[in-house]
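Structure, as structure tokens:
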Amino acid sequence: MFSNGLAQNSRLETKLLQTQILTDKVFKGFDGLGNEYFVKNNVFIKQSETETWEYKNVALGKISAVDIINPLKIVLFYEDFNTVILLDNQLNEIQKLNLFDIDNTIFASKIGMASQNQFWIYNALTQQIMLFDYLKNTSKNIGNPIQENIKFTQSDFNHFYWIDEVNNWYSIDIFGKVTLLANIPPFENLQIIDAQTLLFVKDNVLYCLSTKTKSVFEIQIVEKSFPNFYFKDQILAIFTDQQLKKYKIKLP
114 MFSNGLAQNS
124 RLETKLLQTQ
134 ILTDKVFKGF
144 DGLGNEYFVK
154 NNVFIKQSET
164 ETWEYKNVAL
174 GKISAVDIIN
184 PLKIVLFYED
194 FNTVILLDNQ
204 LNEIQKLNLF
214 DIDNTIFASK
224 IGMASQNQFW
234 IYNALTQQIM
244 LFDYLKNTSK
254 NIGNPIQENI
264 KFTQSDFNHF
274 YWIDEVNNWY
284 SIDIFGKVTL
294 LANIPPFENL
304 QIIDAQTLLF
314 VKDNVLYCLS
324 TKTKSVFEIQ
334 IVEKSFPNFY
344 FKDQILAIFT
354 DQQLKKYKIK
364 LP
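Numbering (my numbering), first residue to last: 114 to 365.
Have a look at this one:
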């Protein structure tokens, strides 16, 4: 039995689909067409079965975050320079936005793609979630400032999610409605699937949490240690230092 009123149920079974060898790459995810995304030596890489594309910008330093929820408009965030880069599906640079040049009160620590030509931004200076229109270079605050320290954030087109220091999981929509979704168990790594489901790692074990059934399921994989994972379209990718394994899985 987990705390937080969540029952631990039986394991979720997986079926191994593919194994590939990796060398010095950090896995960032895959899209609906099966293209895979990596960072290697601070170069952003997109790889299909037949082609490889690369983007690098030495002047901006380290890539802090990658958002691939829209493969036609990929977001790279360079936090050290408060700069966002938009790339097309061949990793050509579409747009470069230095947020300091646009509004010197925006100190972004989190960036994600939103709907209607907008980014989600968490402004560390004001502890405020914002929507930034990257065509008009205008921004607006959404909801009230967040009082608690934030441990984790993720976003989709219509929601910005965060988990605070006491593991409360919240969402805010583009209209500013805040919802407390759950209080979740301790975690070391995490991916939010939707407002009812997330995957998390604790002590090198991968779990699925469902707020709909108020249950936690252990996911059956052979890896005993893995720095990262990624789930999309019933495919679970497990990334180790040397391999990328993809499993078929059906979440509850």
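Don't be surprised by glycine CBs; every beta carbon is placed ideally from N, CA and C. Source: prediction; values computed, not measured.
Asked                                                                                                                                                                   : Found
The alpha helix (DSSP H) that contains residue 146, what's its start and end?                                                                                           : That residue, residue 146, is in no alpha helix (DSSP H); it is neither H nor E in DSSP.
Grouping DSSP H, G and I as helix and E and B as strand, with all else coil, what is residue 288?                                                                       : coil
Tell me the rounded alpha-carbon separation between residue 238 and residue 259.                                                                                        : 11 Å
Could you pull the start and end residues of the alpha helix (DSSP H) that residue 214 belongs to?                                                                      : 212-215
CA-CA distance, residue 178 and residue 121?                                                                                                                            : 32 Å
State the DSSP-derived secondary structure class of residue 172, mapped to helix, strand or coil.                                                                       : helix
Just to check my reading of the structure: residue 180 and residue 224 have Cβ atoms closer than 8 Å, yes? What is that Cβ distance to the nearest angstrom?            : 7 Å
Using only the alpha-carbon positions, how far apart do residue 367 and residue 256 sit?                                                                                : Residue coverage of the chain in this structure runs from 114 to 365, which leaves residue 367 outside it and unanswerable.
Residue 139: which of 155, 217 and 145 sits nearest, CA to CA?                                                                                                          : 155
Cβ atoms of residue 189 and residue 202: under 7 Å apart, would you say?                                                                                                : no
Quick check: the Cα distance between residue 353 and residue 317, rounded to an integer number of angstroms?                                                            : 12 Å
Does DSSP classify residue 277 as helix, strand or coil?                                                                                                                : strand
So, for residue 127: in the same chain, excluding its five sequence neighbours on each side, which residues have a beta-carbon less than 7 Å away from its beta-carbon? : 332, 333, 334, 349, 360, 361 and 362
Would you kindly work out how many angstroms separate the C-alpha atoms of residue 287 and residue 273, rounded to a whole number?                                      : 8 Å
Residue 330 by DSSP, collapsed to three states: which one?                                                                                                              : strand
Can you tell me which residues form a DSSP beta bridge with residue 295?                                                                                                : 282
For the segment 291-306 against the segment 243-252, are there 3 or more C-beta pairs whose distance is under 8 Å?                                                      : no
I need the DSSP call for residue 167, collapsed to helix, strand or coil.                                                                                               : strand
Excluding five sequence neighbours on each side, which residues of the same chain lie with their C-beta closer than 7 Å to the C-beta of residue 132?                   : 356 and 358
With a 10 Å radius around its C-beta and 16 neighbouring C-beta atoms as the bar for buried, classify residue 208 as buried or exposed.                                 : exposed
Exposed or buried, which one is residue 351 when buried takes at least 16 other CB atoms within 10 Å?                                                                   : buried
Taking only the alpha-carbon atoms, compute the straight-line gap between residue 271 and residue 232 and give it to the nearest angstrom.                              : 10 Å
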